[in-house]
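Chemist:
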Amino acid sequence: MRPELLEILRCPLCRGELTLTGAKKDGSEITAGTLTCPKCRVDYPIDDGIPNMLPPGDRD
Ligand SMILES: [Zn+2]
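Residue numbers (the working numbering): 55 to 114.
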């Protein structure tokens, strides 16, 4: 995902801003890492450059 997406992505539960930790980059693209909502204390993993924005209860 492109770093600009971080400005747009919001927590699907509370619409709050997310913080990125453990980011791995390939050039300017973020390929892996964890997006965390500090309010909900929920983590959204980035796999193969694609953020998984499903709330934890909706994941497989
Ligand atoms: Zn939240």
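Where a beta carbon is used, it is the ideal one built from N, C-alpha and C, also for glycine.
#1: Any heavy atom of ligand 1 inside 7 Å of the beta-carbon of Gly70?
#2: Glu83 to Arg95, Cα distance in whole Å?
#3: Tell me where the alpha helix (DSSP H) around Leu60 begins and ends.
#4: Consider the C-beta atom of Lys93 and the heavy atoms of ligand 3; say whether any pair is separated by less than 7 Å.
#5: For the beta strand (DSSP E) containing Pro99, name the first residue and the last one.
Modeler: From the atom records:
#1: Yes, the beta carbon of Gly70 sits closer than 7 Å to at least one heavy atom of ligand 1.
#2: 25 Å
#3: 59-62
#4: You won't find ligand 3 in this model; what it holds is ligand 1.
#5: For Pro99, the uninterrupted beta strand (DSSP E) segment begins and ends at 96-101.
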